[in-house]
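In what follows, a single structure is set out as structure tokens and then discussed.
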Amino acid sequence: MTTLTTALAPGASLARAEASYAARRRRKLVVAALVFAGLAALPYGIRDVYLQNVLILTLMYAALSQSWNILGGYCGQVSLGHALYFGLGAYATSVLFVNYGVLPWFGMLAGGALSAAVALILGYPCFRLAGHYFSIATIVIAEIGLLLVHNWDFVGGAMGIQWPFNPDSWWTLQFARDKIPYVHFAVGFLAVVWFVTWLIEGSRWGYWWRAVKDDAQAAESLGVEVFRSKMAAAAVSAFFTAIGGGFYAAYVSYIDPESVMSFRFSLLFALPAVLGGIGTLWGPLVGAAILIPLTEISRSYLGGSGNGLDLMLYGVLVMVVALARPEGVLSLFRRTRKARNEEATP
3 MTTLTTALAP GASLARAEAS YAARRRRKLV VAALVFAGLA ALPYGIRDVY
53 LQNVLILTLM YAALSQSWNI LGGYCGQVSL GHALYFGLGA YATSVLFVNY
103 GVLPWFGMLA GGALSAAVAL ILGYPCFRLA GHYFSIATIV IAEIGLLLVH
153 NWDFVGGAMG IQWPFNPDSW WTLQFARDKI PYVHFAVGFL AVVWFVTWLI
203 EGSRWGYWWR AVKDDAQAAE SLGVEVFRSK MAAAAVSAFF TAIGGGFYAA
253 YVSYIDPESV MSFRFSLLFA LPAVLGGIGT LWGPLVGAAI LIPLTEISRS
303 YLGGSGNGLD LMLYGVLVMV VALARPEGVL SLFRRTRKAR NEEATP
């Protein structure tokens, strides 16, 4: 090997690595387009209204879990108070639509902006805490928000807000005769959150967030703006969570404090990501596809006698994953693919 070849080898190797990384990211995008197209077509083969409802909830919680995953998975800040942002989005959309006639589309954006601002305000003191202290703080703040809404007459207090019945329309996001439009909205919402996460994953922010998650002190010593990274992740995560809250309010047409701000929602946002694979693009969708149908089926068959069973189910699933597959269910597919590649390599 000549001196010139030796000198160029590291540069050529780096170029090949960059080209390989770019190709893998493009493949992810192609796979995502096929998956979301398939999900959009799926309801046409499901005419049962109950199954369509389960599909809508699964897609919605997958998007909400991906929203949580931005902060909890990529940045490593485990929030257990995201029900606050979900509730803010639901109430902002409902109040603006019912009281002032503002279309839900604008209400969801307003709720998202409000939640992002609240996340920044709350993040200033909360991100001074670390580990489980941060998680506990998010629970306490969300519960305070729940109590405030319970006693705030402007937003209906404990009685909640009932949406008026309108003809089926995309403008008002109300469809009484057919649930397929709701499926399409949920698929679109999931696709947008997934795509934003994909963009972030390959950006400077994505590298910063993963560095903060791995070792905040080491990241800061290397020039990563740790506090700014956490604040940005919180704002983006809260924005999309509130969008989901606005959609949920339009879907069910009635909200009260317990139905959109209870601690159960915070668990439902985090657990699919934990179950499927935290800090991954597909983990929340895989986890939601397992968790939400199980939850809805158990509730449907057991009714009132199964009250609290969903929480037990969540606990059992978390224990099983923590013991058998800490990296999440998605790691099973990765390990299988890796084994096949090794077998194919001569």
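The numbering of the sequence shown is our numbering, which starts it at 3 and goes up by one. Each residue gets a CB set at the ideal place from its N, CA and C atoms; glycine is no exception.
Are the Cβ atoms of residue i and residue j separated by less than 7 Å?
i, j, result
"V80", "E298", "no"
"P259", "L148", "yes"
"S255", "W165", "yes"
"L82", "S261", "no"
"F358", "P183", "This structure does not reach residue 358, given that the chain is present from 3 up to 348, and the question cannot be answered."
"A251", "A121", "no"
"F38", "V189", "yes"
"L319", "L277", "yes"
"A236", "G125", "yes"
Give the DSSP bridge partners of residue i, in chain order.
i, result
"I257", "I163"
"S171", "Q176"
Pick out whichever of the options has its Cα sitting closest to the Cα of residue i.
i, options, result
"S117", "A132, Y93 and F129", "Y93"
"L90", "I146, L131 and G285", "I146"
"L59", "P295, A237, S302 and L319", "P295"
"R388", "A193, F265, G289 and R179", "This structure cannot settle anything about residue 388, because the visible part of the chain is limited to 3 through 348."
"A234", "G225, I202 and I292", "I202"
"A193", "L61, Y253 and R26", "L61"
"L224", "A236, K232, Y209 and V238", "Y209"
"A24", "G204, G289 and A112", "G204"
"S264", "L131, Y126, G159 and F88", "F88"
Here's a check: name, in chain order, each residue in its chain whose Cβ is nearer than 8 Å to the Cβ of residue i, leaving out the five neighbours to either side.
i, result
"C128", "F136, A139, T140 and I143"
"F187", "L175 and F249"
"P348", "In this predicted model, P348 has a pLDDT of only 49, less than 50, meaning its place in the structure is not dependable; the value taken from the coordinates is given anyway. Result list for P348: empty, nothing under 8 Å."
"T7", "With a pLDDT of only 49 at T7, under 50, the local geometry of the prediction cannot be trusted, and no value is derived from it."
"A290", "T60, L61, Y63, A64, S67, P274 and G278"
Sorted by chain position, which residues of the same chain lie with C-beta nearer than 6 Å to residue i's C-beta, five sequence neighbours on each side aside?
i, result
"K181", "Q54"
"M110", "T95, I245 and G248"
"A19", "none"
"L226", "Before going on, a small fix: residue 226 reads as Val here, not Leu. Cβ within range, chain order: W210 and A213."
"L131", "A139"
"G114", "F241, A244 and I245"
Leaving aside the five residues before and after residue i along the sequence, list all residues of the same chain whose C-beta is less than 7 Å from its C-beta, in chain order.
i, result
"A21", "none"
"V195", "A65, Q68, S69 and F242"
"F156", "none"
"V228", "V214, A218, A221 and E222"
message = I'd like to know if the segment 157-171 and the segment 208-222 are in contact, where contact means that at least 3 CB-CB pairs between them fall below 8 Å.
response = No contact exists between the segment 157-171 and the segment 208-222.
message = I'd like to know if the segment 269-280 and the segment 98-107 are in contact, where contact means that at least 3 CB-CB pairs between them fall below 8 Å.
response = No: fewer than three Cβ pairs fall under 8 Å.
Contact the segment 61-77 vs the segment 280-287: 3+ CB pairs below 8 Å = Touching, per the Cβ criterion.
message = Across the segment 246-253 and the segment 57-69, are there enough close Cβ pairs to call them in contact, namely three or more that are closer than 8 Å?
response = Touching, yes.
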